[in-house]
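Enquirer: Residue numbers (the numbering used here), protein chains in the order written: chain C, 2 to 418; chain P, 200 to 307.
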Ligand SMILES: Cc1cc2nc3c(=O)[nH]c(=O)nc-3n(C[C@H](O)[C@H](O)[C@H](O)COP(=O)(O)OP(=O)(O)OC[C@H]3O[C@@H](n4cnc5c(N)ncnc54)[C@H](O)[C@@H]3O)c2cc1C
Ligand SMILES: [Zn+2]
C-alpha cells in the first residue's frame, strides 16, 4: 500500500481494516542469489538498492533479533558531510544527497530534518583547522559557513561564551546536516526492500558459513538451518568479528561501546546539532523535546552493550561546561551500542577477502549518516564485483598499501578516533 | 570496573589508559623481505574476541607501569593482571639489550 494523505484519511475513517504490515514475516528459502547478514540500516539499505538499482530481487536479509535492534536503533541520529579527506567527503556528501530525497524515494516518513550542525571553535588554531575543513566541504559541494562569535550567539544564546578555559570564538556550520528518526529509516528501507520481493528474516541468527572445497563461501549456517547463496554480504557492524572469526579472518577493527543519553523533554531550545570543540560532547533536541547527547567511547574492547560510569560523568561534565543550564535537567535514559571501531577511523566496503564474501563494516560511531550511501555503494560492489567509485578508498587493502583514511590523525588506535 | 594493578592494588579503571590487544608480537627484523607484511599483521588486524581478551593498560594516574589484564569482553570480568614486561616473551633479544645499553650510557 502506498502511503498518502488520501490513504490515511480513508483508513482512518474505516477503522484501519485495510492497512497491511509494512513487510512480510518471511521464512528463509533454501537458496538465494544474495544473503545479507545483519538487519540494521546498512543491511536493509543494501538489499533495497540491490533490488532497485541492480534488479537483484532474490535477496534475504538475516537478522538475529529484530531489525534495527542494533546500532541503527541506538544512535543519536545525526547525518552530516563535514569531513576533510578526499576518501571520505564525496561519499558522505552523496549520503546527504540521498537523505534529502529519502522520504520521497521510500514513500516513508523518516523525519529527516536538515536543521544544521555547528562545530564550535574555541581557539585560533581550531578556527584555521575548521576553515580548511570548510573549504574541503565547499569543494565537495557539501556547503559550509564559518560563523563568527556573534553569529553563534544569535543562534545559541544559551551557550557559555565566556567560559574561562574554553571561550567560544565561532563555529563551522553545515546547514544541510541534520537528524532523522533512526527507527523509521530502518522500517522505511525494510518496507522498500520487501516491496521488491526481498525476504526479511527476523529472529534468525547466522552461526557460521558454508564453504566449498576451494574455501569459497557458498552460504550460511543459521539458527533456522543452512541457506545457500551465490554471494554472502556482511553488514554486522559491532558483531562483524564474531562471524569473521569463523572464517579465521582477522580484521582491523575493535568492538567498543559508545553511550548515548536523553534528558526529560523541554520546550524547543536547541536549533540544530551542536558539538563542543574543547571536550567531547555533542547535542541535539528530538522532536519530542528531549535533549539527545553523547561524547566519547568507553574506550576498551567490549560486547556488553552497556556503558560505564566514568564516561557518563565525562560526557555530563562536557555538557555542563558548554551549557551550564542543563544542570537542572533530569536524565531520562542512557544506553550503549557496540561500535565497530577501525584502525584509521574509516569504514570498509569491499569484495572478499574470500570468494563469495562481501564486507561492509568499520562504521565506527558514525555509520548512521552513511546508511543510504553505504547501501548504495555496497549494492553496486555486490552486483558488479567492482568497488563503487565513491567507496573505492574504503577497501581493506588500504592498511597494507598505507593509504589509510585517518581524519583524526590519531594512528592505529581505535579508541582515539 | 576496577583493575587489580600488581603494584597499586585494585584501582578504578578511569586511572588507566587503554592500549588494547596484548597478543601481538613486534616483528624482530625490520629489514626482512616480508617485513612490511609482518608489520601490517602486527599493527592492524585484531582477533577482537567476544570473551576472554588479553589487553594492555597503562596506569597513568598511579604507578605508571604497563599492566597486562585478562578480561572478558562480554561481562567485563577481570581474571588476572600482571606487569606487562613479565609477559614479553623476547625480553632477551639483541634489540632489548641494545636499548638497555644506551639507557645506561645516558645515565653515566
Ligand atoms: C550510541 C551511539 C550513537 C551513535 N550516533 C551516531 C550519529 O549520531 N550519527 C551517525 O552517523 N552514526 C552514529 N552512530 C553509529 C551508527 O549507529 C552505526 O555506525 C550504524 O548504525 C551501523 O550500521 P547498521 O545500522 O547496519 O548496524 P546495526 O544496526 O548494529 O546492524 C547490525 C545488525 O546485525 C545483527 N547481527 C549481529 N550478529 C548477527 C548474527 N550472527 N546473525 C544475524 N544478525 C546479526 C544485529 O542484531 C544488528 O541488527 C552511533 C552509534 C552508537 C552506538
Ligand atoms: Zn599501578
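The beta-carbon is built from N, C-alpha and C at its ideal position, and this holds for glycine as well.
Specify which residues have a beta carbon nearer than 5 Å to any heavy atom of ligand 2, listing them in chain order.
Expert: With the cut-off at 5 Å, the residues found are P:204, P:206, P:207, P:258, P:261, P:262.
Enquirer: What do you reckon, is the C-beta of residue 269 of chain P under 6 Å from a heavy atom of ligand 1?
Expert: The sequence position of residue 269 of chain P within the second chain is 70, counting from 1. No, Cβ of residue 269 of chain P sits at least 6 Å from all heavy atoms of ligand 1.
Enquirer: Restricting to runs no shorter than 4 residues, where is the alpha helix (DSSP H) found entirely within the region 136-199 of chain C?
Expert: Taking only runs of at least 4 residues, the alpha helix (DSSP H) segments lying wholly in the region 136-199 of chain C are 150-156, 183-196.
Enquirer: Going by CA-CA distance only, name the one from C:21, C:238, C:135, C:30 that's closest to residue 306 of chain C.
Expert: Here the question's residue 306 of chain C lines up with position 305 in the first chain. Checked all of C:21, C:238, C:135, C:30; the closest Cα to residue 306 of chain C is C:238.
Enquirer: Can you give me the start and stop residues for the alpha helix (DSSP H) that residue 1 of chain C sits inside?
Expert: Nothing can be reported for residue 1 of chain C: it is not among the residues displayed for chain C, which extend from 2 to 418.
Enquirer: Given this structure, state the Cα-to-Cα distance separating residue 94 of chain C from residue 404 of chain C, to the nearest angstrom.
Expert: Within the first chain, numbered from 1, the residue matching residue 94 of chain C stands at position 93. Within the first chain, numbered from 1, the residue matching residue 404 of chain C stands at position 403. If I take the Cα positions, the gap works out to 21 Å.
Enquirer: If you scan the region 256-296 of chain C from start to end, which runs of the alpha helix (DSSP H) of 4 or more residues do you find wholly inside it?
Expert: Whole alpha helix (DSSP H) segments, 4+ residues: zero.
Enquirer: Let me check you understand the geometry: is the CB of residue 65 of chain C closer than 6 Å to at least one non-hydrogen atom of ligand 1?
Expert: Taking the first residue of the first chain as position 1, residue 65 of chain C is located at position 64. Residue 65 of chain C Cβ: within cutoff of ligand 1.
Enquirer: Return the Cβ separation of residue 416 of chain C and residue 257 of chain C in integer angstroms, given the expectation that the two are a contact with Cβ distance under 8 Å.
Expert: Position 415 of the first chain, counted from the start, is the residue given in the question as residue 416 of chain C. Position 256 of the first chain, counted from the start, is the residue given in the question as residue 257 of chain C. About 6 Å separates the two Cβ atoms, so the contact holds.
Enquirer: For ligand 1, is there any heavy atom lying closer than 6 Å to the beta carbon of residue 251 of chain P?
Expert: Numbered from 1 along the second chain, position 52 holds the residue referred to as residue 251 of chain P. Every heavy atom of ligand 1 is 6 Å or more from the Cβ of residue 251 of chain P, so no.
Enquirer: At the level of alpha carbons, what is the spacing between residue 213 of chain P and residue 311 of chain C?
Expert: In the second chain, the residue the question calls residue 213 of chain P occupies position 14. In the first chain, the residue the question calls residue 311 of chain C occupies position 310. So the two alpha carbons sit approximately 6 Å from each other.
Enquirer: How is residue 235 of chain C classed by DSSP in three states: helix, strand or coil?
Expert: Locating residue 235 of chain C in the first chain gives position 234, counting from the first residue. In the structure shown, residue 235 of chain C sits in a strand (DSSP, three-state: E or B).
Enquirer: Kindly indicate if chain P contains any beta-carbon less than 7 Å away from that of residue 344 of chain C.
Expert: Here residue 344 of chain C refers to the residue found at position 343 of the first chain. Output row for residue 344 of chain C: interface = yes.
Enquirer: So residue 1 of chain C contacts chain P; which residues on that side make the cut at Cβ distance below 7 Å?
Expert: There is simply no residue 1 of chain C to check, as chain C begins at 2 and stops at 418 in what is shown.
Enquirer: Could you tell me if residue 289 of chain C is buried or exposed, where buried requires 16 or more neighbouring beta carbons within 10 angstroms of its beta carbon?
Expert: Taking the first residue of the first chain as 1, we reach residue 289 of chain C at position 288. It is exposed - the Cβ of residue 289 of chain C has fewer than 16 other Cβ atoms within 10 Å.
Enquirer: By DSSP's criteria, residue 217 of chain P is part of a beta bridge. Which residues make up the other side?
Expert: Numbered from 1 along the second chain, position 18 holds the residue referred to as residue 217 of chain P. Beta-bridge pairing links residue 217 of chain P to P:256.
Enquirer: Under three-state DSSP, which class holds residue 383 of chain C?
Expert: Here residue 383 of chain C refers to the residue found at position 382 of the first chain. It is helical.
Enquirer: Between which two residues does the alpha helix (DSSP H) holding residue 242 of chain C run?
Expert: For this step, residue 242 of chain C is matched to residue 241 along the first chain. Unbroken alpha helix (DSSP H) run through residue 242 of chain C: 241-245.
Enquirer: Report the three-state DSSP secondary structure of residue 409 of chain C (helix, strand or coil).
Expert: Locating residue 409 of chain C in the first chain gives position 408, where the first residue counts as 1. The answer is coil: DSSP assigns residue 409 of chain C none of H, G, I, E or B.
Enquirer: Out of C:98, C:82, C:206, C:281, point me to the one whose CA is closest to residue 145 of chain C's CA.
Expert: In the first chain, counting from the first residue as 1, residue 145 of chain C sits at position 144. Nearest of C:98, C:82, C:206, C:281 to residue 145 of chain C, Cα basis: C:82.
Enquirer: At 9 Å on the CB atoms, spell out the chain C contacts of residue 258 of chain P, in chain order.
Expert: What you label residue 258 of chain P is simply residue 59 of the second chain in a count that begins at 1. Those within 9 Å of residue 258 of chain P in chain C number zero; the least Cβ separation is about 14 Å.
Enquirer: Quick check on the burial criterion: 16 or more other C-beta atoms within 10 angstroms. Buried or exposed for residue 19 of chain C?
Expert: Counting from one through the first chain, the residue named residue 19 of chain C turns up at place 18. Per the 10 Å Cβ criterion, exposed.
Enquirer: Cβ of residue 40 of chain C versus every heavy atom of ligand 1: is any distance shorter than 6 Å?
Expert: Taking the first chain and counting its residues from 1, the one referred to as residue 40 of chain C is at position 39. Checking every heavy atom of ligand 1 against the Cβ of residue 40 of chain C, one is found closer than 6 Å.
Enquirer: From what residue to what residue does the alpha helix (DSSP H) around residue 321 of chain C run?
Expert: Residue 321 of chain C sits at position 320 when you count from the first residue of the first chain. Its alpha helix (DSSP H) spans residues 310-323.
Enquirer: DSSP on residue 457 of chain C, reduced to helix/strand/coil?
Expert: There is no way to answer for residue 457 of chain C, as the model of chain C reaches only from 2 to 418.
Enquirer: Would you report the Cα separation of residue 117 of chain C and residue 358 of chain C, rounded to the nearest angstrom?
Expert: Walking along the first chain from the start, residue 117 of chain C turns up at place 116. Walking along the first chain from the start, residue 358 of chain C turns up at place 357. If I take the Cα positions, the gap works out to 38 Å.
Enquirer: Figure out for me which residue from C:178, C:280, C:217, C:157 has the closest Cα to the Cα of residue 270 of chain C.
Expert: Position 269 of the first chain, counting from 1, holds the residue named residue 270 of chain C. Checking every option, the nearest Cα to that of residue 270 of chain C belongs to C:157.
Enquirer: Just curious, the beta strand (DSSP E) that residue 119 of chain C is in, first and last residue?
Expert: Taking the first chain and counting its residues from 1, one reaches residue 119 of chain C at position 118. First-last of the beta strand (DSSP E) with residue 119 of chain C: 118-122.
Enquirer: For residue 238 of chain P, name the three-state secondary structure that DSSP assigns.
Expert: Locating residue 238 of chain P in the second chain gives position 39, counting from the first residue. If DSSP states are grouped into helix, strand and coil, residue 238 of chain P belongs with the helices.
Enquirer: Considering just the uninterrupted stretch of the alpha helix (DSSP H) at residue 9 of chain C, what are its terminal residues?
Expert: By one-based count along the first chain, residue 9 of chain C stands at place 8. Residues 6-14.
Enquirer: Pick from C:215, C:198, C:226, C:176: whose alpha carbon is nearest that of residue 1 of chain C?
Expert: One cannot answer for residue 1 of chain C here, as it falls past the ends of chain C, which runs 2 to 418.
Enquirer: Beta carbons nearer than 8 Å to chain P: which residues of the region 249-276 of chain C have them?
Expert: Against chain P - using a Cβ distance shorter than 8 Å - the residues of the region 249-276 of chain C are 251, 252, 253, 254, 255, 256.
Enquirer: Can you pull the chain C residues whose beta carbon is under 7 Å from the beta carbon of residue 272 of chain P, in chain order?
Expert: Mapped onto the second chain, residue 272 of chain P falls at position 73. By Cβ distance, chain C contributes 302, 303, 304.
Enquirer: According to DSSP, what are the bridge partners of residue 361 of chain C?
Expert: Against the first chain, residue 361 of chain C aligns to sequence position 360. The partner list for residue 361 of chain C (beta bridge, DSSP) reads C:350.
Enquirer: Please report whether the beta-carbon of residue 206 of chain P lies at a distance below 7 Å from any beta-carbon of chain C.
Expert: Walking along the second chain from the start, residue 206 of chain P turns up at place 7. No, residue 206 of chain P does not count as interfacial toward chain C.
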